[in-house]
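Colleague:
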Amino acid sequence: MRIFLALVMLCLAAPAGAQFRSPEDRNDALVSLSRIFGEMHHIRRLCGRGDEEDIWRERMKRVIDLEAPSFEQRERMVVAFNDGYVSAQGRFPGGTSAAESSAAGRAATGEALVSNIAASAREAAQGPIDESVQRWPQ
2 MRIFLALVML CLAAPAGAQF RSPEDRNDAL VSLSRIFGEM HHIRRLCGRG DEEDIWRERM
62 KRVIDLEAPS FEQRERMVVA FNDGYVSAQG RFPGGTSAAE SSAAGRAATG EALVSNIAAS
122 AREAAQGPID ESVQRWPQ
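Quick note on my numbering: the sequence shown kicks off at 2 and runs consecutively.
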């Protein structure tokens, strides 16, 4: 299992003990994250600056590159991204405050997913975090 280096950088402090019960749960979280990325991609294309139109699609590509999922998991992620895009396209035909508000809410949900995915990857690589150990800085 590869660590989400790029996503970890987005999360400065992932919650301790954020783990999945099974690899399937983690894969489902990746699919959910992919859907959010698809929604954000559509909204960014509507409401963002021209130089940022493809930022969420590029992030999706990086996740796939870093995660190196199986063919089946990759397909699930791609389908979810596309479904998210089409869903947002149906709800938001134009760049409105409602679209931006939705993007903010989805971004918060995505951030929580990223934190959990990054924490599980870190824990898989390093072992469980010992909460009794003091960390610097505090």
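Glycine included, every Cβ here is placed at the ideal spot set by N, Cα and C.
Our contact map puts R75 next to I65 with C-beta atoms below 8 Å; I'd like the distance itself, whole angstroms only.
Modeller: On the sequence shown, position 74 is the one that residue 75 refers to. On the sequence shown, position 64 is the one that residue 65 refers to. Contact flag correct, Cβ pair sits at about 6 Å.
Colleague: Grouping DSSP H, G and I as helix and E and B as strand, with all else coil, what is D52?
Modeller: Position 51 of the sequence shown, counted from the first residue, corresponds to residue 52. Here D52 sits in helix by DSSP.
Colleague: Does the segment 53-64 come within contact of the segment 100-107, defined as at least 3 CB pairs closer than 8 Å?
Modeller: The answer is no - the segment 100-107 does not touch the segment 53-64, with fewer than three Cβ pairs under 8 Å.
Colleague: Along the chain, where does the alpha helix (DSSP H) that runs through R123 open and close?
Modeller: By one-based count along the sequence shown, residue 123 stands at place 122. Taken as a continuous stretch (DSSP letters only), the alpha helix (DSSP H) holding R123 covers 98-127.
Colleague: Is the CB-CB distance between R22 and S121 below 7 Å?
Modeller: If you number the sequence shown from 1, residue 22 lands on position 21. If you number the sequence shown from 1, residue 121 lands on position 120. Not a contact, by the Cβ cut-off of 7 Å.
Colleague: Pick helix, strand or coil for S35, following the three-state DSSP scheme.
Modeller: Residue 35 sits at position 34 when you count from the first residue of the sequence shown. Helix.
Colleague: Whole angstroms are fine: how far does the CA of E25 sit from the CA of Y86?
Modeller: The residue you call residue 86 lines up with position 85 of the sequence shown. The residue you call residue 25 lines up with position 24 of the sequence shown. Going from the Cα of Y86 to the Cα of E25 covers about 24 Å.
Colleague: Which same chain residues end up closer than 8 Å to L114 when comparing Cβ atoms and leaving out the 5 residues on each side of it in sequence?
Modeller: Here residue 114 refers to the residue found at position 113 when the sequence shown is read from its first residue. The answer, listed in chain order, is A30, S33, L34, I37.
Colleague: Keeping to the same chain, check which residues put their C-beta closer than 8 Å to that of D84; ignore five residues upstream and five downstream.
Modeller: Here the question's residue 84 lines up with position 83 in the sequence shown. Answer for D84: R36, G39, listed in chain order.
Colleague: Between D55 and A108, what straight-line distance do the alpha-carbon atoms span, to the nearest angstrom?
Modeller: For the purposes of this step, residue 55 is taken as the residue at position 54 of the sequence shown. For the purposes of this step, residue 108 is taken as the residue at position 107 of the sequence shown. Near 16 Å, if we compare the C-alpha coordinates of A108 and D55.
Colleague: Measure how close the beta-carbons of I44 and F93 come, nearest whole angstrom, since I'm counting them as under 8 Å.
Modeller: For the purposes of this step, residue 44 is taken as residue 43 along the sequence shown, with counting starting at 1. For the purposes of this step, residue 93 is taken as residue 92 along the sequence shown, with counting starting at 1. Rounded, the Cβ-Cβ distance is 6 Å, consistent with contact.
Colleague: What are the boundary residues of the alpha helix (DSSP H) that A81 is part of?
Modeller: Taking the first residue of the sequence shown as position 1, residue 81 is located at position 80. Run containing A81: 72-92, per the alpha helix (DSSP H) assignment.
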